[in-house]
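Going by numbering that gives the first Met the number 0, the sequence shown runs without a break in its numbering and finishes at 330. Worksheet: the structure to be examined is printed underneath.
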Amino acid sequence: MASFASAFIILLIPLLLQFPSGESEIQSNYYWESCPRAEEIIKEQVTALYHKHGNTAISWIRNLFHDCVVKYLHNKTQSCDASLLLESANGVESEKATSRSFGMRNFKYIQTIKHALEKECPSTVSCADIVALSARDGAVMLGGPYIEMKTGRKDSKISYAAQVESSIPNHNDTVSAVLSTFQAIGIDTQGTVALLGAHSVGRVHCINLVQRLYPTVDPTLDPDYAEYLKKRCPSPNPDPNAVLYSRNDRETPMVLDNMYYNNILKHKGLLVVDQHLVSDPNTYPFVQKMAADNGYFHDQFAKALLILSENNPLTGDEGEIRKDCRFVNIN
Numbered sequence: 000m001a002s003f004a005s006a007f008i009i010l011l012i013p014l015l016l017q018f019p020s021g022e023s024e025i026q027s028n029y030y031w032e033s034c035p036r037a038e039e040i041i042k043e044q045v046t047a048l049y050h051k052h053g054n055t056a057i058s059w060i061r062n063l064f065h066d067c068v069v070k071y072l073h074n075k076t077q078s079c080d081a082s083l084l085l086e087s088a089n090g091v092e093s094e095k096a097t098s099r100s101f102g103m104r105n106f107k108y109i110q111t112i113k114h115a116l117e118k119e120c121p122s123t124v125s126c127a128d129i130v131a132l133s134a135r136d137g138a139v140m141l142g143g144p145y146i147e148m149k150t151g152r153k154d155s156k157i158s159y160a161a162q163v164e165s166s167i168p169n170h171n172d173t174v175s176a177v178l179s180t181f182q183a184i185g186i187d188t189q190g191t192v193a194l195l196g197a198h199s200v201g202r203v204h205c206i207n208l209v210q211r212l213y214p215t216v217d218p219t220l221d222p223d224y225a226e227y228l229k230k231r232c233p234s235p236n237p238d239p240n241a242v243l244y245s246r247n248d249r250e251t252p253m254v255l256d257n258m259y260y261n262n263i264l265k266h267k268g269l270l271v272v273d274q275h276l277v278s279d280p281n282t283y284p285f286v287q288k289m290a291a292d293n294g295y296f297h298d299q300f301a302k303a304l305l306i307l308s309e310n311n312p313l314t315g316d317e318g319e320i321r322k323d324c325r326f327v328n329i330n
């Protein structure tokens, strides 16, 4: 019997080694003991910031996308690690300074949330979890679905600025390229169409629009809508530092809803990739379905955002809990 038990243990050990310990994985209510009010504090801050600066809610959603989509595509083993928030300092080049991060803002308010958490539970809640949970709570403030998210992410000690340009989809990319990007992290076609529905809120700088207006108008654009856009963007060479933009959705600009899909069906999508969703046979059926059913859009958006938030997060001893989200800790 003893020899059988020994043999069983020997066989079991390699199997167990295939699975990481619970401490190195994200989990529900990770801060239940170390900082019981962590998620409540984040929600309070997100809500307060939304009432002062409504566009912060949109920023939180974009932050999650930029933070969680980059590293996996370059065969890295971690992501969702707040590397996005690092400033350029001590040899670190900030991801925020790259052209693909153009138009991102409100990073300073991440510090507002962090300060509130540090006051309650010093050096306990990661900036990466702030990125994830603020996106969750921001979506709700915009009328979107509530998403149960796990926590326990750690913060990166390095930046991935050199990889951002080739990793994050461009507004002029083909649908197949965008689908490939998201499929690499487990998000299917309908999930990808749903995530692009985040374009229902926010605004687009003219620098990303003018190629559809000048020297000739993109024939896939509704003519009347093109004239409106030309009034918003009167020059083919807009100043990137000027406040020159058009809202993604003129009807419900601050509501995360299916109006985006109704707009692109009417050829009123702002970006090339938006309009391509209608012309591509793989995505068109989902555009139609989401345009007709806001609940279906919300369900698919919630599923896709959850998958994105769990894309190879940095956990365990591999990362740290930054005291200041902008800088790596000085030990």
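Every residue gets a Cβ at the ideal spot worked out from N, C-alpha and C, and that includes glycine. Remember, predicted model here, so these are calculated numbers, not experimental data.
Between I60 and the set M289, A161, N330, I129, the nearest pair of CA atoms involves I129.
Using a Cβ-Cβ distance cut-off of 8 Å, the stretch 316-330 and the stretch 219-228 are not in contact, since fewer than three pairs of beta carbons, one from each stretch, lie closer than that value. With a threshold of 16 other beta carbon atoms within 10 Å, F285 meets it and is buried.
DSSP assignment within the stretch 106-173 yields the following whole alpha helix (DSSP H) runs of 4 residues or more, N-terminal first: 107-119, 126-140, 160-166. Of the residues assessed, Y145 falls on the exposed side of the cut-off, its CB having fewer than 16 other CB atoms within 10 angstroms. By the criterion of a C-beta distance shorter than 7 Å, T173 is surrounded in its chain by H275, once the five residues flanking it on both sides are discounted.
Residue range 244-246 is occupied by the beta strand (DSSP E) that includes S245. The C-alpha of T314 lies about 26 Å from the C-alpha of A96.
The Cβ neighbour count for K51, taken over all protein chains shown within 10 Å, is under 16; the residue is labelled exposed. Measuring C-alpha to C-alpha distances from N257 to each of A290, K107, N28 identifies A290 as the nearest.
Annotated three-state conformation of S78 is strand, per DSSP. When C-beta atoms of the stretch 91-108 are compared with those of the stretch 157-176, three or more pairs fall below 8 Å, so the two segments count as touching. The residue among N311, E32, R36, L304 with its C-alpha nearest the C-alpha of Q189 is L304.
Per DSSP, H52 is not a residue of any alpha helix (DSSP H), being assigned neither H nor E. Straight through space, the alpha carbons of I184 and D298 are spaced by roughly 19 Å.
With fewer than 16 other Cβ atoms inside 10 Å of its own Cβ, S165 counts as exposed.
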